[in-house]
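Colleague: Quick one: structure below, then a few questions.
Residue numbers (our numbering): 1076 to 1362.
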């Protein structure tokens, strides 16, 4: 299978995401700091107010307060409280606006990241997306000792469809293959278009006999599609299964599946033929 690197995330994208995370964390810390300052000021003002109202309980020796100064004192105190509240509100508005902008940018980046993991023609995972998931599944299988089987499937007739009917017809053909895969395999299985004509299915918690049963269901679905479809071509494919061996990595698993495809590829020459619904020709070669 080809190994492409054009979809790999750039260093700038990763660095920017990390910066946004740090800025959001800093905003949260600033929020806590503002509340702490406000609480401290309220405690100080409360203590001062109590000391003023009940001077003989707070001060030794006793002090006398000129009542004529109380209005100015309370006016100044209220003015300080209002100014502080205005400052806090201004800071909160600024932080909320900054937080919203950072979250919007982070969501946009994550959306772009999600789209970069999908194949536009099939809405299945692309190579970049499935490579990440396959590595995670292999690590889980190594850690927990659970079963893991993958299926590599190549559409042998895609090249002929593209040549005979054009790329648009080829895209529709690929979409039909993806639809059959979705309808056949479990929701817990991961489906991906690994390259132009190759698909990859990751089946966690699955031993090879169970995977062979799933492949048989897919073969039956393809046969039904070939009998029912009047497109002028039929779906021919080859496929190979590989089961995870404890201690191996994702690359070992993929290479094992690829090796099972090679002999058939070397012997098979894709030839376009009209569909013969009466003859019921086989539409697949399974390794």
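Each residue gets a CB set at the ideal place from its N, CA and C atoms; glycine is no exception.
1. Over what stretch of residues does the alpha helix (DSSP H) that includes residue 1326 continue unbroken?
2. For residue 1201 versus residue 1268, is the C-beta spacing smaller than 9 Å?
3. Give me the Cα-Cα distance between residue 1290 and residue 1217, rounded to the nearest whole angstrom.
4. Can you look up residue 1268 in the DSSP assignment and give me helix, strand or coil?
5. Taking the alpha-carbon positions, what's the residue 1297 to residue 1225 distance?
6. Output needed for residue 1444: all residues of its chain with C-beta closer than 6 Å, excluding positions within five of it in sequence on either side, in chain order.
7. Would you kindly report the start and end of the unbroken beta strand (DSSP E) that includes residue 1224?
8. Quick check: what's the CA-CA separation for residue 1167 versus residue 1106?
9. Going by alpha carbons, who is nearest to residue 1151 out of 1120, 1175, 1193?
10. Report the partner residues of residue 1279 according to the DSSP bridge assignment.
11. Among residues of its own chain, excluding the 5 on either side of residue 1353, which ones have a beta-carbon nearer than 7 Å to its beta-carbon?
12. Should residue 1100 go down as buried or exposed, given a rule of 16 or more other Cβ atoms within 10 Å for buried?
13. Pull the bridge partners of residue 1273 from the DSSP assignment, please.
14. To the nearest angstrom, how far is the alpha carbon of residue 1174 from that of residue 1194?
15. If residue 1304 sits next to residue 1222, beta carbons under 8 Å apart, how far is it from one beta carbon to the other, in whole angstroms?
16. Determine the contact status of residue 1199 and residue 1253, defining contact as a CB-CB distance below 9 Å.
17. Within this structure, are the beta carbons of residue 1333 and residue 1272 separated by less than 9 Å?
18. Going by other Cβ atoms of all chains shown within 10 Å of its Cβ, with 16 needed for buried, is residue 1312 buried or exposed?
19. Take the Cβ of residue 1197 as the centre, count every other Cβ of all protein chains shown within 10 Å, and call the residue buried at 16 or more, exposed below.
20. Looking only at DSSP bridge pairs, what is residue 1200 linked to?
Modeller: So, to answer that:
1. 1325-1342 is the extent of the alpha helix (DSSP H) around residue 1326.
2. Yes. Within cutoff.
3. Straight through space, the alpha carbons of residue 1217 and residue 1290 are spaced by roughly 24 Å.
4. Per DSSP, reduced to three states, the secondary structure at residue 1268 is strand.
5. Cα to Cα, the separation comes out at about 19 Å.
6. In the structure displayed, the chain extends from 1076 to 1362; residue 1444 sits before or after that span and is not available.
7. DSSP places residue 1224 in the uninterrupted beta strand (DSSP E) bounded by 1223-1230.
8. Each residue's Cα considered, the two are about 8 Å apart.
9. Of the candidates 1120, 1175, 1193, the one whose C-alpha sits nearest the C-alpha of residue 1151 is 1120.
10. Answer is 1223.
11. For residue 1353, the predicted structure reports a pLDDT of 44, less than 50, and the residue's modelled location is therefore unreliable. A value from the coordinates is still provided. Within the same chain, residue 1353 has no close Cβ partners at all.
12. Result: exposed.
13. Note: residue 1273 sits in a beta bridge opposite 1229.
14. Their backbone Cα atoms lie some 32 Å apart in a straight line.
15. Contact doesn't hold; Cβ gap of about 34 Å is too wide.
16. Their beta carbons are under 9 Å apart, which means residue 1199 touches residue 1253 by this criterion.
17. By the CB criterion at 9 Å, residue 1333 and residue 1272 fall outside the cutoff.
18. It is buried - the Cβ of residue 1312 has at least 16 other Cβ atoms within 10 Å.
19. Buried: at least 16 other Cβ atoms inside 10 Å.
20. Bridge partners of residue 1200: 1193, 1267.
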